Amino acid sequence: MSADFPRSLLMTGGCGFIGSNFVRFWLSRFPLSTVVVYDLLTYAGRRENLGELWGHPQLHFVLGDITDLERVRQTCHEYAIDLIVNFAAETHVDQSIARPLVFTETNVRGTHVLLEVARELGIRLHQVSTDEVYGHVPEPQQRSEDDALWPRSPYAASKAAADQLAQAYFITYGLAVTTTRGSNTVGPYQHPEKAVPLFSTNALLGQQLPIYGDGLQQRDYVHVHDHCAGIEAVLLRGTAGEIYNVGTGQDITNLEMVDVILGTLGKDRCLIEHVTDRPGHDRRYSLNVSKLHALGWAAQYTCQQAIAETARWYAGHAEWWQPIRNGTFRQYYQEHYGQRLPDTDL
Ligand code: DAU
33 MSADFPRSLL MTGGCGFIGS NFVRFWLSRF PLSTVVVYDL LTYAGRRENL
83 GELWGHPQLH FVLGDITDLE RVRQTCHEYA IDLIVNFAAE THVDQSIARP
133 LVFTETNVRG THVLLEVARE LGIRLHQVST DEVYGHVPEP QQRSEDDALW
183 PRSPYAASKA AADQLAQAYF ITYGLAVTTT RGSNTVGPYQ HPEKAVPLFS
233 TNALLGQQLP IYGDGLQQRD YVHVHDHCAG IEAVLLRGTA GEIYNVGTGQ
283 DITNLEMVDV ILGTLGKDRC LIEHVTDRPG HDRRYSLNVS KLHALGWAAQ
333 YTCQQAIAET ARWYAGHAEW WQPIRNGTFR QYYQEHYGQR LPDTDL
């Protein structure tokens, strides 16, 4: 390892979807580095997501909130952290429409606390962000890292605010900050509130798939393994103060996404149910990913391959998602989809 190679990493939100996949990815690549998972274990952060990694000699766990400055500081001291990778966030757009304040608290204030601790200790911070900060992208445009931010949901606005705080810390304090803006990420351990796992598990249960509006919204679905490799490329070869988009550079409609899921699982299109649209629903996201390509990264999965692989994972891991669907998710589902799908029943 070179002198500036990160040796002790604080992975906030390391029990969440992208976070847990990244912990697994990183420890498989660099088994001698120390990984400290710092997670509050809210509904989407789950111990089960780290599965077989519990007991790994280089993995440590701290139960904590990223808005708790003292606890973050103490953890960084205790484990001699030299890099914070911030995966911790509230991430579901529909939840942000229903209860927006928690998004500001975690995503904005939480990121600010991490930046403060990084500044105080003089350590590097990587911010895991989203393509949603660019807002709706009219066809045939794509968004590059220097384009203006036009977030349109409380979630996207909170992530945009956090990105701008991170850039401000680089400019004002010279803090070594990098940021990645990922597109719609799919793969193992994603909470079933998100479209691909929701549609996969509903299809497996023989339930209707609630498609918002006409289903012609477009998204770029990147496999979480590719997303993790993109973050790794930035951690190892990125430049401080720079932002990098992560995605396949393609985009497909929600109906195309659903067709891949149904085709993969051998289920019928009669399960499709068009329902009342999400308020302020962004019609299209599309990323220019040439800056990350210049770091030697390329997506291994197309959108279709990423979705199909994910649907297969859910088909083979009912023991992971059934307890979630039988837990507090049930109430959320009834509240959120009850009006949209009158016959709703889990
Ligand atoms: O683009 C990156 C973002 O992708 C991430 O930053 C977010 O954390 C992640 O939630 C995702 O945002 P989306 O809103 O695009 O993802 P979601 O899985 O909620 O929805 C994908 C598409 O499917 C979107 O057009 C809305 C639609 N959808 C979603 C749900 C949950 C439906 O038609 N019906 C549904 O029930």
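Every number in our numbering is 32 more than the matching position in the sequence shown, counting from 1. Where is the CB? At the ideal position from N, CA and C, for every residue including glycine. Please read these numbers as outputs of a predicted model, since none were measured by experiment.
Whose CA, out of D291, S318, K299 and V228, lies closest to the CA of Y346? For the purposes of this step, residue 346 is identified with residue 314 of the sequence shown, where counting begins at 1. Comparing Cα positions, the closest option is V228.
Ignore the nearest five residues each way along the sequence and tell me which others in L241's own chain have a CB closer than 7 angstroms to its CB. Start at 1 with the first residue of the sequence shown, and residue 241 comes out as number 209. Excluding positions up to five away in sequence, the list reads F231, N234, A235, V290, L303, I304 and E305.
Which runs of the alpha helix (DSSP H) fall wholly inside the stretch 180 to 206 and span at least 4 residues, in chain order? 186 to 205
Considering just the uninterrupted stretch of the alpha helix (DSSP H) at L236, what are its terminal residues? Working through the sequence shown from its first residue, we reach residue 236 at position 204. Its alpha helix (DSSP H) spans residues A227 to L236.
Of all the CB atoms in chain B, is at least one closer than 9 angstroms to the CB of R78? The structure shown has no chain B; it contains just one protein chain.
Please report the straight-line C-alpha distance between Y201 and P220, rounded to a whole angstrom. Along the sequence shown, read from residue 1 onward, the residue named residue 201 stands at position 169. Along the sequence shown, read from residue 1 onward, the residue named residue 220 stands at position 188. One C-alpha to the other measures close to 33 angstroms.
Hey, T162 and R213 are a contact pair by Cβ (cut 8 angstroms); roughly how many whole angstroms apart? On the sequence shown, residue 162 is found 130 positions in, with the first residue counted as 1. On the sequence shown, residue 213 is found 181 positions in, with the first residue counted as 1. Right, their Cβ atoms sit about 6 angstroms apart.
List in chain order: all unbroken alpha helix (DSSP H) runs of 4+ residues lying wholly within the stretch 294 to 360. 322 to 325, 335 to 348 and 350 to 358
Same chain only: Cβ atoms within 8 angstroms of K191, ignoring 5 sequence neighbours per side: Residue mapping note: residue 191 aligns to position 159 of the sequence shown, counting from 1. Here the set comprises A121, N139, S161, T162, E164, V165 and P183.
Would the C-beta of A120 count as close to the ligand DAU, meaning under 8 angstroms from any of its heavy atoms? Indexing the sequence shown from 1 puts residue 120 at position 88. A120 Cβ: outside cutoff for every heavy atom of the ligand DAU.
To the nearest angstrom, report how far apart D314 and I129 are at their CA atoms. Here residue 314 corresponds to residue number 282 of the sequence shown, with the count starting at 1. Here residue 129 corresponds to residue number 97 of the sequence shown, with the count starting at 1. Linking D314 to I129 through their CA atoms gives a straight-line distance of about 13 angstroms.
From what residue to what residue does the beta strand (DSSP E) around P213 run? Here the question's residue 213 lines up with position 181 in the sequence shown. In the sequence as presented, Pro is not what sits at residue 213; that position holds Arg. Per DSSP, R213 belongs to the beta strand (DSSP E) from V209 to G214.
Below 7 angstroms CB to CB, which residues in the same chain sit around T296 once its five sequence neighbours on both sides are set aside? As a working mapping, residue 296 is identified with position 264 in the sequence shown. The residues are A340, A343 and R344.
Where Q250 falls: helix, strand or coil (DSSP): Stepping through the sequence shown from its first residue, residue 250 is reached at position 218. In this structure, Q250 counts as strand in the three-state DSSP scheme.
Quick one: is H349 buried, meaning 16 or more other Cβ sit within 10 Å of its Cβ, or exposed? Taking the sequence shown and counting its residues from 1, the one referred to as residue 349 is at position 317. Answer is exposed; the Cβ neighbour count stays below 16.
Euclidean distance between Cα positions of T123 and D36: The sequence position of residue 123 within the sequence shown is 91, counting from 1. The sequence position of residue 36 within the sequence shown is 4, counting from 1. Straight-line Cα distance between these residues: approximately 31 angstroms.
Counting pairs of Cβ atoms below 8 angstroms between the stretch 67 to 74 and the stretch 90 to 97, do you hit three or more? yes
Below 8 angstroms, can you find three or more Cβ-Cβ pairs linking the stretch 271 to 284 to the stretch 316 to 335? yes
Per-residue burial, A331 [other beta carbons within 10 Å of its own, 16 or more giving buried]: Within the sequence shown, the letter at position 299 stands for residue 331. So A331 counts as buried.
Helix, strand or coil for A76 per DSSP? Here residue 76 is taken as the residue at index 44 of the sequence shown, counted from 1. If DSSP states are grouped into helix, strand and coil, A76 belongs with coil.
If I follow the unbroken alpha helix (DSSP H) through T107, where does it start and stop? Your numbering for residue 107 matches position 75 in the sequence shown. Note, T107: alpha helix (DSSP H), L101 to E110.
Which whole-angstrom value is the C-beta distance of V125 and L41, which I expect to be below 8 angstroms? Residue numbering aside, residue 125 sits at position 93 when the sequence shown is read from its first letter. Residue numbering aside, residue 41 sits at position 9 when the sequence shown is read from its first letter. With 8 angstroms as the limit, V125 and L41 do not qualify as a contact, their Cβ atoms being about 28 angstroms apart.
In DSSP terms, what R175 is bridged to: The residue labelled residue 175 in the question sits at position 143 within the sequence shown. Answer by DSSP bridge pairing, in chain order: L319.
With 16 other CB atoms within 10 Å as the buried threshold, where does D225 fall? Counting from 1 along the sequence shown, the entry for residue 225 is found at position 193. It is Glu, not Asp, that sits at residue 225 in the sequence shown. That one is buried.
Supposed contact pair Y253 and V266 - C-beta distance, whole angstroms, cut 8 angstroms: Within the sequence shown, numbered from 1, the residue matching residue 266 stands at position 234. Within the sequence shown, numbered from 1, the residue matching residue 253 stands at position 221. Here V266 is actually not in contact with Y253; their C-beta atoms are around 20 angstroms apart, not less than 8 angstroms.
State the CB to CB distance for the pair I263 and F54, rounded to an integer number of angstroms; the pair is presumed to be in contact (CB under 8 angstroms). Taking the sequence shown and counting its residues from 1, the one referred to as residue 263 is at position 231. Taking the sequence shown and counting its residues from 1, the one referred to as residue 54 is at position 22. Right, the Cβ-Cβ distance comes to about 6 angstroms (below 8 angstroms), so this counts as a contact.
Cβ neighbours of H168 in the same chain (closer than 7 angstroms, five flanking residues each side left out): Numbered from 1 along the sequence shown, position 136 holds the residue referred to as residue 168. Cβ neighbours of H168 beyond the five flanking positions: R184, D314, R315 and R316.
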